[in-house]
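Numbering (our numbering), first residue to last: 1 to 540.
Cβ atoms here follow ideal geometry from the backbone N, Cα and C, with glycine treated the same way.
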Amino acid sequence: MKEKKISKNEMLLNQFAKGKSNDAKIIGVQNCVIYTRVSSKEQMDTNQSLEWQKKFCTEYAQKNQFVIKGYFGGTFESAKSDERKEFNRMLNFVKASKAKISFILVYSLDRFSRTGDSAIYIASELKKTGVNIVAVTQPIDTNSHSGTLQQNIQFIFGKYDNDLRRQKTIDGMREKLLRGEWIGPAPTGYSFVKGAVKQTIIINEKGELINLAFNWRAKGMTYEQIIGKLNGLGMKMAKQTLTEIFRNPFYCGFMAHNLLNGEVIKGNHPALIEQSLFLSANEQKKTDGYSSHKANDYLPLKIFVKDADSGAPFTGYLVKKKGLYYYKVNRKGVKINRSVKIMHDRFKDLLKAYTIDSTFIEPLSIQLGYTWQNLTESNTSEKKMLGLKLNEVEAEFYNLRKRHALGNVSFDIYEEFSAEMNAKKESILKQIESLEKKLSNPKELINYSLKLASNLAPVWESGDFYQKQILQNTLFPNGLVYDAKKDNYRTPVVNSVILCIADLARDLEKNKSRTSQIFFEKSGSVPGAGVEPARFPTGV
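Below you can see the structure in the form of structure tokens.
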């Protein structure tokens, strides 16, 4: 082909042409940076991938006579997000460098980014400043539209592949949760058994303290009090951590997780506490629609006392002008307001009904000693009966396991009946355990209970908000109802120990003229609930 002759005038006119010539050559030295990365620390520690990437990129730069102005990455950074320390350090260097950077060299495009449209945007913005991304194992000429399209498609496929992997991982984790197996670190109070064939979680030493914390919370203690007690037992706990523990159903044998889509699943791990205790501890956060239960020494009866007609709890407020506190029922249509003095005076009157004369402490101590002795002796025959029942259940269970092992009983039937037998066995064992409970020093508890029973109102009055709450809940476990029309309290349930003491004291009052021996020979009623001494003021 003959070369086209250009006239002198045409050559002179070329200086007024617009656009870039396709034959233009890049003149001068071209600078580049190299970026390498792996997705996880395990990859970084166990193979030579980073060195391999760096080697390939360096050889490519030398072959194309690029000047390497910096190495970036060299560590594990997930490409799911572009918020990466080394990645952003590299981009900032490229933009700010005085030496014009023309290329970012990577081993493959998925090493640069797996964010799809975000990666396309970053590549486009870099290209506007004259910087091209070059994958040394996937060389593409991004100076053409088709090359840019090809690179963008690879970015999108990188994100698609990443999304597929993520979904497979999530599905696997969800399937594990649905089988009752936990994912992630074991919650505080639990430990994984290392080397177990299948996932095994056990309760550790901290678990016993967590159990105490749930009990304390259910009985009205604040987070600050519980944290203080745990610290005293050698377990430091932040308030946020304690809040998360109380809200985690894992401790009562169930699992809650974002991957379960709002479901709560029964776990294979042992429950640390009963479901009822878990719910009770969390009920402290919200009672009958009232979200606040702040401590106030002037209002110890709030929430604890309910209106007899509506069933709504009493709350409290301060009349600032008078400097006086009042109780009220905060429900539409109910207009009950009572001063603290009236409500507290009526409560102290109620306590007096269960208060004994201190002169009766000695004879009542003897009588309750007999009652305790009779109680422990009467348990013997009942324990024997329960022991026989336990033997029968264990024999039936053994036969069931044997028949299942021999193939005479299918797995479904075995599972159904084994669960039933285990439940029977647990029930019997609990009954035996309750009968076998013995106090190391019953006399000490009896004397403490009697001293408390002779000073109920003073003890309540001298305590702070929490001490009052504990005494109230111990004496009247189901709370109180206040009849505004009759201006008095009703007591649905009274602590059986205090009730027993009060009944015996009334009998003793009636029998003052008789000999004490006649009184002692009477069989006392058997208390069914304990009184825990360590919780009340020390003045008792």
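Cα-Cα separation, Lys443 to Gly369: 7 Å
Any non-hydrogen atom of the ligand ADP within 7 Å of Gly195 CB: The model on display carries no ligand, and the ligand ADP is accordingly not part of it.
Through-space distance from Ile303 to Ser291, alpha-carbon basis: Below a pLDDT of 50, predicted positions are generally treated as unreliable, and Ser291, at 38, falls in that range; no measurement from the model is reported.
Residues near Ser358 by beta carbon distance below 7 Å, same chain, minus five either side: Cβ neighbours of Ser358 within its own chain (closer than 7 Å, five residues either side excluded): Ser454.
Supposed close pair Ser108, Thr75 - CB separation, criterion 8 Å: About 17 Å separates the beta carbons of Ser108 and Thr75, which is beyond the 8 Å limit, so they are not a contact pair.
Cβ contact (3+ pairs, closer than 8 Å) linking the segment 420–431 and the segment 390–408: yes
N-terminal and C-terminal residue of the alpha helix (DSSP H) that Arg338 is part of: Premise fails: Arg338 lies in the beta strand (DSSP E), Asn337 to Ser339, not in any alpha helix (DSSP H).
Same chain, Cβ closer than 6 Å to His257, five either side skipped, listed in chain order: Leu177
Euclidean distance between Cα positions of Asn337 and Arg490: 18 Å
Short Cβ contact (8 Å threshold) for Ile183 with Val193: no
Supposed contact pair Val493 and Pro477 - C-beta distance, whole angstroms, cut 8 Å: Right, their Cβ atoms sit about 5 Å apart.
Backbone secondary structure at Met173 - three-state DSSP: Of the three classes helix, strand and coil, the one that applies to Met173 here is helix, per DSSP.
Nearest-angstrom Cβ-Cβ length linking Ile120 and Phe72, presumed shorter than 8 Å: With a Cβ gap of about 21 Å, Ile120 and Phe72 do not count as contacting.
Own chain partners of Ala505 with C-beta closer than 6 Å, once the 5 adjacent residues on each side are dropped: Excluding positions up to five away in sequence, the list reads Ile356 and Phe360.
Close beta carbons around Leu272, own chain, < 7 Å, minus the five adjacent residues each side: Gly189, Ile203, Gly207, Ile210, Asn211 and Tyr251
Same chain, Cβ closer than 8 Å to Ser225, five either side skipped, listed in chain order: Strictly speaking, residue 225 in this sequence is Gln, with Ser absent from that position. Closer than 8 Å at Cβ, skipping near neighbours: Trp216 and Tyr466.
Local conformation of Phe254 per DSSP, three classes: Look at Phe254 here: in three-state DSSP terms it is strand.
Which of helix, strand or coil DSSP assigns to Pro363: helix
Extent of the continuous alpha helix (DSSP H) to which Arg84 belongs: Element bounds for Arg84: n/a, residue is neither H nor E.
Opposing strand residues paired with Ala135 [DSSP bridges]: Val106
Candidates His344, Gln275 and Leu475, of which the one nearest Cys500 by Cα: Leu475
Three CB pairs or more closer than 8 Å across the segment 126–141 and the segment 165–175: no
Endpoints, alpha helix (DSSP H) assigned at Ile446: Per DSSP, Ile446 belongs to the alpha helix (DSSP H) from Pro442 to Ala453.
Cβ-based burial, Gly289 [other Cβ within 10 Å; buried from 16]: With a pLDDT of 38 at Gly289, under the threshold of 50, the modelled position of that residue is not reliable, and the figure given next carries that caveat. Exposed, because fewer than 16 other Cβ atoms sit within 10 Å of the Cβ of Gly289.
Inter-residue spacing [alpha-carbon to alpha-carbon] between Arg111 and Phe87: Going from the Cα of Arg111 to the Cα of Phe87 covers about 10 Å.
Local conformation of Gln548 per DSSP, three classes: The first residue shown for the chain is 1 and the last is 540, placing residue 548 beyond what the model contains.
Closest Cα partner of Ala353 within the set Glu274, Tyr325, Ile498 and Lys485: Ile498
Exposed unless 16 or more other CB atoms sit within 10 angstroms - verdict on Ala123: Classification of Ala123: buried, given that the 10 Å Cβ count is 16 or more.
Start and end residues, beta strand (DSSP E) containing Ile34: Unbroken beta strand (DSSP E) run through Ile34: Gln30 to Val38.
Helix, strand or coil at Thr315 according to DSSP, with G and I counted as helix: strand
Coarse secondary structure for Asp297, derived from DSSP in three states: coil
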